[in-house]
Structure formats: C-alpha cells, structure tokens
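Encoded as structure tokens, the structure appears first; notes follow it.
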Amino acid sequence: MSLTSDHVKRVGRLAQLGLTDAEITETLTQLNSILSLVDQMQQIDTKGVVPLAHPLELKQILRADAVTEMDQREKFQNTSPQADAGLYLVPRVVE
Amino acid sequence: MYEAVIGLEVHVQLSTASKIFSGSSTAFGAEPNTQASLIDLGMPGVLPVPNAKAFEMAIKFGLAIDAKIEQESIFDRKNYFYPDLPKGYQISQFEKPIVGPGRVTITLDDGNTKTINVTRAHLEEDAGKSIHDVFDGMTGIDLNRAGTPLLEIVSEPELHSAREAVAYLKVIHSIVRYLDISDGNMAEGSMRCDCNVSVRPEGSELLGTRTEIKNVNSFRFVEKAIDTEIHRQIEILEDGGRVVQETRLYDPDKDETRPMRSKEEANDYRYFPDPDLLPVFIDDSFIETCRIKLPELPDARKARYIAEYGITDYDASVLVADRDLADYFAEVANMSGEGKLAANWVMGSVLAELNQANLAIAEFPVSSRQLSDLLGRIKDDTLNSKTAKTVFEALITGDGEVDTIIEEQGLVQMTDTGAIEAVVDEVISENSHEVANYRAASSDKRSKMLGFFVGQVMKKSQGKANPQAVNQILASKLT
Chain G
1 MSLTSDHVKR VGRLAQLGLT DAEITETLTQ LNSILSLVDQ MQQIDTKGVV
51 PLAHPLELKQ ILRADAVTEM DQREKFQNTS PQADAGLYLV PRVVE
Chain B
1001 MYEAVIGLEV HVQLSTASKI FSGSSTAFGA EPNTQASLID LGMPGVLPVP
1051 NAKAFEMAIK FGLAIDAKIE QESIFDRKNY FYPDLPKGYQ ISQFEKPIVG
1101 PGRVTITLDD GNTKTINVTR AHLEEDAGKS IHDVFDGMTG IDLNRAGTPL
1151 LEIVSEPELH SAREAVAYLK VIHSIVRYLD ISDGNMAEGS MRCDCNVSVR
1201 PEGSELLGTR TEIKNVNSFR FVEKAIDTEI HRQIEILEDG GRVVQETRLY
1251 DPDKDETRPM RSKEEANDYR YFPDPDLLPV FIDDSFIETC RIKLPELPDA
1301 RKARYIAEYG ITDYDASVLV ADRDLADYFA EVANMSGEGK LAANWVMGSV
1351 LAELNQANLA IAEFPVSSRQ LSDLLGRIKD DTLNSKTAKT VFEALITGDG
1401 EVDTIIEEQG LVQMTDTGAI EAVVDEVISE NSHEVANYRA ASSDKRSKML
1451 GFFVGQVMKK SQGKANPQAV NQILASKLT
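For the record, the sequence lines run as chains G and B.
Its first residue numbered 1, the first sequence is counted upward by one per residue in the numbering used here.
Its first residue numbered 1001, the second sequence is counted upward by one per residue in the numbering used here.
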C-alpha cells in the first residue's frame, strides 16, 4: 500500500499540523518507505497468532482507590503560559 | 408509516474516591484545578495506573445485567484535540472492553416487558471542563474532572420510541443506584446520555441514516429530544430529502435539535492500544469477590415486595425503581405491619410531596418511623383519612410527633355514636329544606344527595367524625 499527498494532508489536519507543500512531499516519501516495511511484514504468516496489545508480556497492576495527590496548582500554573482565577487560559475555542 | 430505531450510549461517572489513572481526588465542587495532578494534566513522562475500584464497579454492573465479564481488557487511545483534553487523547477501551454483551428488561407503557440487549460497557476517563464566556478572547480550563472514571454503557439499536428509550435509561439509572457505583445525578452530569436515532419505513429491514444527539442531561429531555429528532427525520424523508449523518445538540428552550458546528472530520479517532498501559487480566476470584458484594437488585426486590407485603405488581415497580424509596417503604411497612396501606401512602402523599418540593426521599422531613406511627393511628381508628392528611402535613412542617400533633390539634376521631348523633340532629334541623327534598326523592337519587349531609356533619365536627358512622346514622335518621 502506498499513500497519496491527500492522505498526508488529511493525517496532517487530524494531527493539527500545518504542513507546507515541500513538507508534504518529504513526509509522503518518508511515510511510504515506512509502509513498504509494513508491506514486507504483511507477508509473514500470522495465522493463529493472537494480536499483541503490548510488547511486554506482563499483566497490568491495579492500584487501590486512595487519594494520594496533593494540590499543587500554584506550582503547575507557574509554568503555564496563562492562568486566571485558578483556570488555565487558552485561546478561545468556539463550539 | 415509519419506525424509529434508537440506541443509547450512557456515560456514568463512577463514584470512586480517586481518579481512574491517578491518585487525585474526584470530590465534587473543589476549587478549579486543585484536584488535577501531573497525570491529569498530561505532563510528559508520567505513567497512568488503573484504579482497581473502577474495575470492581464496572464488573458489578456487568454482573447485574447478566453480561460476560472479559478476562482480558485493553486500554486504547482515542485521539482528538480539545483544550480540556490535555494529552490530545482520551484513554478508553475500544476492541476489548471490560464488560461484554448483557441485557436488561424494561417495562413498557402497556405493562408488557421487553428485553434490551446491551452491546458492551467500557471504562474510560472523563475530560475537563471548558469555560467559554468569562474571559475576553480566552477559554478557561478546569481539569478537576479530567480523569474521573466513566463507564460507558452501549445499547443495541433495539429501542423504538422515545418512551422506550426513557424506560431503558431509567432501568440503567436504577441499577447504577442499587449497586451504588454512581450517584446517577443527571443534572450534575454524573450520568449523561448520547442518543443515536434513525427512522425507516415500517417493515423495512434496512437501517436509515442515523444522527447522534450528544449529552442530553435529564430523563425528560431524552424523551423530548428523541421525539423531536424522529419528527424532524420523518419530515425530511416525506419531503423526498435525505437525512445527513451528523452529531446534533438538543436545545430544550426551543425544543429542537441542531447540528454541532465543529469537527465532523474529527470523528476519525485513530484508536490504538495505549503503550503506557498493559492488558488488564481479571481472574475468576476477582469476579467472585464482586459477585458476593452485589446487593439485591430491583427485579429481585420487586418480586420479594409482592410476596412479602401483598402489594400489586405495578405498585412494586414504582416503589423499587428508586433504592432509597424502596428502603423507606419497606421500613414503614415492617414497622407498621401494613404493607398495602404503606404502599398507598408512599406512592400517594409521599411521592406527591417529593415531586412538588423537588426533594429526594433522603431529604424528606417525615421519617419512616413517623409515617409508620401515622398508619398505626389510622388503623386503630384514631384518625380518619382527612385528619390523617392534616397530621401528615404537620409532620412535613416539623410540628412534632404523631401523637403530640393529634393531641395539640384535637384531631382524635369522634367515634362516640351519641356525639355524632347530636351533630347529625343539628344538621337535620338546620337544613329542613334539603331534608324535605331528600325524603321526597327516589331511593336511587338519595345516595347522591346524602353526600351533602355527610359534608355538613364533617364540617361541623371539624373533620373528626368517623365517616362510616356518619353515613349510617344519617341514613337511618333521614328515612
């Protein structure tokens, strides 16, 4: 499978990336070379192999339901570009 | 004729103490961002660790709807951009949810029941809140809610009217409350509902194009939003048009749905397994621990109430729908030994008062013991239905205990025949005209006319005369 520049534009839009035409061409080449590797992997017979959700064959540990975090708002908001009345401020989003 | 096809996605906020992937508190109403840790803020280098209690709650729900509990479940990333989702993805479960297919039974308006299949229920994290209208040109973000555990319950598209959809939603609400895994408060957003609606010509097997109404936040609005959307779609089809697949919002003020302006393309969420989280394996002993903790569920309680208290199927359905109300009724019935009378009072006066004052039963000023005392005084003929109502109202305003109120307001029922006879004689002598009319009337008309005299006697006795005795004495004195 190989991608077209339309695919790249669409993926770029979904990822909120503003790609120039030159970047689209470059990205297209790079992605297609990755996909050719994927094509190669597709040749392998995986019949009967259970899909792997994680490369580590371990089980997730669950934690007990306990409140362990303190309020560190002031510290966190010191590193944020803008905050007011305890809220993080971002450029207005219109719904 | 058209048939509506409806499926619901219900989001239930689970009432854990801490968040699903961090140790931040989930308490409601805290100052903005004081319950948002590095993990909730999506800072680089942090690692989410799932909350065991969230799994326990999800499994209890699964067991309650007779669902398959999946031994292996996997967390995925659902990718979209919005400022109240700092990571740029929501951790959810896509291909392998914790709860597989199950079913619930709903009761229709005609009293028949219907089984609705639940496709799945999965765990995910809630997003933060955006505040749009306070800051000039800026949006404020509060991430206290970010990371609150949600159980998303997805039904099969097997509901065919707004009434059925509401009946289903009420069953889910009732189960969630019985299990005590959420406060289920729709007004505060702890339970939210997305409605998928399509219509098709009756008899057709093909599904029509559906729209999704997002975030409806009350039972009444779910019913109205679905009805409005069904009519809108039928009108489009009747006019030869086509329904567009889109996300819509319901506006209760205008009673209409309209398309959400943004992000049609954003519906491509590019799910993939979250590399930060390993597969979760639930063993049988964990499931059994959850099963042991299951309380008696609504259907079982309903059957028990019918058998123990001799109340009707309908009465039992109404009473068990709300766990707290069911408990209240059972306390009154047990203390007074009067199942049927307790059911009548709880479903009548108590529910009417709760609805009118917009109170939950837990906030109701009349305790189960007080209502039980009141029923006791009705049973021993101290009170008739009218004076009982007076005492009930005094209990609501907090005027003291039942016997004190009866004494202070002089409400003891007049059962002494001699005293009632004296009042009857007075009424007869004061209304000679009506008495003559009564005596001249044919017997079939008399029973109707007797009501006037009963009313007069009750008035004169300030409602205290025993109505049966009044009827008897009047009938014999008037002939």
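Note that the Cβ used here is the ideal one computed from N, Cα and C, for glycine as well.
Beta-bridge partners of residue i, as assigned by DSSP
i	result
B/R1192	B/H1011
B/R1103	B/N1117
B/R1481	An answer regarding residue 1481 of chain B cannot be provided, because it is not within the stretch 1001 to 1479 covered by chain B.
B/S1204	According to DSSP, B/S1204 bridges with nothing at all.
B/L1151	B/V1012, B/L1123
B/D1076	B/S1092, B/P1273
B/T1139	G/V90
B/Y1309	BP columns for B/Y1309 are empty, so no partner.
B/N1437	According to DSSP, B/N1437 bridges with nothing at all.
G/D84	G/L87
B/Y1002	B/P1201
B/I1069	B/V1099
B/F1281	B/E1072
B/N1384	Paired residues: none, contrary to the question.
Residue i - containing beta strand (DSSP E), residue span
i	result
B/R1145	No beta strand (DSSP E) contains B/R1145, which DSSP labels as neither H nor E.
B/D1403	Per DSSP, B/D1403 belongs to no beta strand (DSSP E); it is in the alpha helix (DSSP H), 1402-1408.
B/Q1090	1089-1092
B/L1108	Per DSSP, B/L1108 belongs to no beta strand (DSSP E) and is neither H nor E.
C-alpha distance - residue i paired with residue j, whole-angstrom precision
i	j	result
B/F1221	B/S1182	21 Å
B/Q1071	B/R1270	25 Å
B/Q1468	B/L1108	39 Å
B/A1419	B/L1371	29 Å
B/I1226	B/K1448	48 Å
B/D1432	B/L1450	In the sequence under discussion, the amino acid at residue 1432 of chain B is Ser, which differs from the Asp named in the question. Taking the straight line from one Cα to the other gives about 14 Å.
B/K1053	G/A64	7 Å
B/S1383	B/E1363	The sequence shown places Leu at residue 1383 of chain B, not Ser. Going from the Cα of B/L1383 to the Cα of B/E1363 covers about 26 Å.
G/L14	B/D1276	22 Å
B/S1367	B/F1392	11 Å
G/Q77	G/D84	9 Å
B/H1122	B/K1087	20 Å
B/L1169	B/F1219	8 Å
B/I1311	G/E57	56 Å
B/H1011	B/Y1305	30 Å
B/V1424	B/V1457	6 Å
B/T1026	B/D1040	11 Å
B/T1034	G/Q72	7 Å
Per-residue contacts from residue i into chain B (C-beta, under 9 Å)
i	result
G/G86	E1031, P1032, N1033, T1034, G1140, D1142
Proximal residues of chain G, C-beta to C-beta of residue i below 7 Å
i	result
B/F1135	D84, L89
B/I1074	A53
B/G1023	A66, V67, T68, E69
B/S1130	V93
Proximal residues of chain B, C-beta to C-beta of residue i below 8 Å
i	result
G/L19	Under the 8 Å cutoff, chain B gives no residues; its nearest Cβ is about 16 Å from G/L19.
G/L62	V1049, P1050, N1051, A1052, F1055, V1280
Residue i, enclosing alpha helix (DSSP H) - first and last residue
i	result
G/L89	Counting along the chain, G/L89 falls outside any alpha helix (DSSP H), though it belongs to the beta strand (DSSP E) covering 87-91.
B/K1129	Looking at the DSSP string, B/K1129 is not in any alpha helix (DSSP H); the run it does join, the beta strand (DSSP E), is 1129-1131.
B/I1039	Careful: B/I1039 lies outside any alpha helix (DSSP H) and carries neither H nor E.
B/K1448	1443-1460
B/A1326	1323-1336
G/N32	21-42
B/F1364	Note, B/F1364: premise wrong, no alpha helix (DSSP H); not H, not E.
B/L1474	1467-1478
B/S1022	First-last for B/S1022: undefined, no H or E at that position.
B/K1464	Careful: B/K1464 lies outside any alpha helix (DSSP H) and carries neither H nor E.
B/T1228	1219-1238
Interface residues of chain G facing residue i [CB-CB closer than 8 Å]
i	result
B/T1016	D65
B/P1273	A53, H54
Residue i Cβ short of 6 Å to the ligand SAH heavy atom set
i	result
B/D1313	For the ligand SAH, the structure offers nothing, since it holds no ligand at all.
Chain-ordered neighbours of residue i on chain B, where CB pairs are closer than 7 Å
i	result
G/L56	L1278
G/K9	In chain order: nothing, as chain B lies at least about 11 Å away.
Contact list for residue i against chain G, beta-carbon separation under 9 Å
i	result
B/P1083	Y88, V90, P91, V93
CB contact check: residue i to chain D, cutoff 7 Å
i	result
B/P1279	In the structure shown, chain D does not exist; the protein chains are G and B.
Practice problem: Using a Cβ-Cβ cut-off of less than 7 Å, list which residues of the segment 21-51 of chain G approach chain B; keep chain order. | Solution: Within the segment 21-51 of chain G, no residue places its CB atom closer than 7 Å to a CB of chain B.
Quiz item: Which of the residues in the segment 66-82 of chain G, read from start to end, lie with their CB under 8 Å from any CB of chain B?
Solution: A66, V67, T68, E69, D71, Q72, R73, F76, Q77, Q82
Quiz item: What residues in the segment 1031-1060 of chain B bring their beta carbon closer than 9 Å to a beta carbon of chain G?
Solution: E1031, P1032, N1033, T1034, Q1035, A1036, S1037, L1038, I1039, D1040, L1041, M1043, V1049, P1050, N1051, A1052, K1053, A1054, F1055, E1056
Exercise. With 9 Å as the C-beta to C-beta threshold (strictly closer), list the residues of the segment 1275-1291 of chain B near chain G in chain order.
Key: P1275, L1277, L1278, P1279, V1280, F1281
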